[in-house]
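Comments concern the structure below.
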Amino acid sequence: MQRVALLCNCGIEIDRLQMADPTARLVLAKRLKRLIERERIRGSNRHWSYDLNRHIALKQALDDLEVARPPKTKPAPKRRRQKIVGYA
269 MQRVALLCNC GIEIDRLQMA DPTARLVLAK RLKRLIERER IRGSNRHWSY
319 DLNRHIALKQ ALDDLEVARP PKTKPAPKRR RQKIVGYA
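Note that the working numbering gives residue 320 to position 52 of the sequence shown, counting from 1, and the numbers run on in steps of one.
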C-alpha cells in the first residue's frame with residue numbers, strides 16, 4: 269500500500285529507492301523532505317487537499333531511506349599541543 273501511495277504521489281518507486289547509490293539517495297531524500305514540508309504547510313493552512321495519510325507515508329519513506337544510509341560520523345577532534353612554561 270505504501271509502495272502505491274509513494275508512486276502515485278511523488279513518482280518514486282520504493283525498489284529504485286532501495287537500490288540507489290548514495291548520491292541518488294541524497295537527491296531523493298531532499299525531494300522527500302521538500303514534499304513533506306509542502307504537505308506540512310498545506311496542513312497548517314487547512315487546505316482542502318491536505319492528506320494526513322500522504323504526510324505519514326512520505327515521512328515513513330524518508331525514515332526508511334535514512335535508516336538504510338550509513339550514519340554520519342564526526343571527525344576526531346584535533347589535539348592541541350600544550351605549552352609548557354619552564355622556569356629559567
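Backbone N, C-alpha and C fix where the C-beta goes; we use that ideal spot for every residue, glycine too.
Legend entry - Where residue 279 falls: helix, strand or coil (DSSP): Of the three classes helix, strand and coil, the one that applies to residue 279 here is coil, per DSSP.
Legend entry - Nonlocal neighbours in the same chain, by C-beta distance under 8 Å from residue 288, ignoring five residues either side: The beta carbon of residue 288 sits closer than 8 Å to those of 296, all from its chain and outside the five residues before and after it, given in chain order.
Inset, instruction - Measure the Cβ-Cβ separation of residue 301 and residue 330 and say whether it is below 8 Å. - result: Here residue 301 is near residue 330, since their CB atoms are less than 8 Å apart.
Inset, instruction - Quick one: using the 10 Å Cβ neighbour count with 16 as the cut-off for buried, is residue 294 buried or exposed? - result: Exposed is the call here.
Legend entry - Top-ranked residue by Cα proximity to residue 305, from 326, 332, 291: The candidate whose alpha carbon is nearest that of residue 305 is 326.
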